Amino acid sequence: MPRTKRIFISREHGSHHLYSQTVGAELLFGSREKEQLLKILKRLTSGFFVEVHGFAFMSNHIHLIVTEQEEASRLASESELLERYHRIMGRKAEPPLGSHKPDGRVEVDEDGGVERLRARLGSINRFMQEFKQSFSRWYNKTHQRKGYLWSDRYGDKVLERGDHELVCRSYIDLNAIRAGICRLPEGYRWSSIGLRVRSPKSWGKLLSPLPGERDRPEGLFDWYRQYLYHSGGIDAPGKAKIDPEIVKSVEEYHGRLGIGDLLRYRVRNLTEGLALGSREFIEQHQRLLGRKHIGARRLLEGCELFVTRVLRSP
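Numbering (the numbering used here), first residue to last: 154 to 467.
As structure tokens, this is what we get:
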């Protein structure tokens with residue numbers, strides 16, 4: 154039976170929900186594998202003309218919400234295309250110059266492969282292929298394994314711009330809740346909501362607001378968090394849900410994160426060697442230990458406490 158032809162939608166009209174499952178739905182991904190998935194995602198988003206708006210990496214499947222940057226891809230210069238390609242493949246990698254023939258020859262394009270490279274870096278399909286293949290190679294090498302890792306080609310649902318996208322992202326951010334892995338959506342490290350609360354700066358570098366979100370007023374995150382908890386508190390057959398008392402508490406604060414929430418998620422590893430203090434205090438210990446300088450991060454907005462891992466043993 155022939156495969157269904159994929160439909161790609163302009164970022165002005167919507168986005169794509171991409172998802173893929175392991176062979177036989179085996180639970181193959183632990184914390185190490187999920188961290189590697191996140192690492193690969195960061196590398197690919199630095200090169201492809203693809204914006205990521207939400208994600209969740211579970212034990213046997215992954216979710217992404219993405220849009221293409223059509224205009225940026227179309228207007229990119231040859232030097233920018235090469236720079237993006239090298240971010241993905243490495244400085245020594247040579248971009249494709251033309252098409253490969255059955256006899257092994259390469260028929261070089263008239264423009265030296267510039268438009269071919271533009272089409273490649275601007276393609277959601279190539280982005281997802283590279284994402285899955287890169288992880289498969291790493292996983293099989295790490296676990297001395299051979300064969301297919303993913304059950305089939307990735308799934309793709311087109312999302313209309315606006316509330317439909319937010320509904321889908323909330324579904325993704327609630328995956329860990331529905332699976333009974335954690336009590337709070339932000340408690341799951343490998344999701345867009347978890348990254349947003351744990352490390353806003355990293356979130357800002359990796360993820361972009363949905364196109365529909367840009368039309369909303371300030372305070373969108375508080376609104377979204379309240380919406381997320383409402384959704385997570387609804388009964389779903391055979392699935393876990395957020396405790397009603399927790400939902401009520403989030404409602405009372407209108408979705409805002411309290412000081413306790415921020416401390417819970419950003420100071421989780423204090424017993425693992427973090428330095429905590431003023432910027433000067435941390436930099437002094439860096440010099441005393443002869444450690445490579447690591448910029449101190451502010452613990453909470455509006456306070457003069459900073460954190461870093463410089464006290465960890467080499």
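Just so you know, even glycine gets a beta-carbon here, dropped at the ideal spot from N, CA and C. Predicted, not measured: the structure shown is a model, and the values here were computed from it.
Under the DSSP assignment, Asp316 falls outside any beta strand (DSSP E), being part of the alpha helix (DSSP H) whose first and last residues are 316-326. Residue pairing of Phe210 in beta bridges, as defined by DSSP: Ile215.
Counting the other Cβ atoms within 10 Å of the Cβ of Ile330 gives 16 or more, which makes it buried.
Beta bridge pairing from DSSP links Gln222 with no other residue. When the Cα atoms are used, Thr220 and Glu366 turn out to be separated by approximately 13 Å. His169 and Glu263 have their alpha carbons spaced roughly 33 Å apart.
Within the model, the alpha-carbon separation for Lys392 versus Leu337 is close to 14 Å. Judged by DSSP in its simplified three-state form, Gln297 adopts coil rather than helix or strand. With respect to His206, Asn328 sits apart: the two C-beta atoms are not nearer than 8 Å. Taking the Cα of Gly308 as reference, the smallest distance to any Cα among Gly167, Ser163, Glu231, Thr175 is reached at Thr175. Boundaries of the beta strand (DSSP E) harbouring His169: 167-174, taken from the DSSP string. Put simply, the backbone Cα of Glu224 is about 9 Å away from that of Phe202. With at least 16 other beta carbons inside 10 angstroms of its own, Glu339 counts as buried. Fewer than three Cβ pairs drawn from the segment 264-274 and the segment 295-308 lie within less than 8 Å of each other, which leaves the two stretches out of contact. When DSSP states are grouped into helix, strand and coil, Lys310 belongs to the strand group. A distance below 7 Å between beta-carbons, with the five flanking residues on each side excluded, links His383 to the following residues of its chain, in chain order: Val400. Secondary structure at Glu179: coil, using DSSP grouped into helix, strand and coil.
In the three-state reduction of the DSSP assignment, Ser163 falls in the coil class, being assigned neither a helical nor a strand state. For the options Ser345, Ser230, Glu165, Arg271, the alpha carbon positioned closest to that of Arg322 is the one of Ser345. Annotated three-state conformation of Gly251 is strand, per DSSP. Residue environment: Gly357 is assigned as exposed (fewer than 16 neighbouring CB atoms within 10 Å of its CB, all protein chains considered).
Using a Cβ distance threshold of 8 Å, Gly177 and Arg314 do not count as a contacting pair.
In this structure, DSSP gives Ser344 an extended state, which the three-state scheme calls strand. Here Glu404 carries a helix assignment [DSSP, helix/strand/coil]. The criterion of a C-beta distance shorter than 8 Å is not satisfied by His253 and Ala246.
Distance from the Cα of Lys285 is smallest, within the candidate group Glu404, Glu186, Gly408, for Glu186. The three-state reading of DSSP puts Glu260 in strand, counting E and B together.
With fewer than 16 neighbouring CB atoms inside 10 Å of its own CB, Val320 falls in the exposed class.
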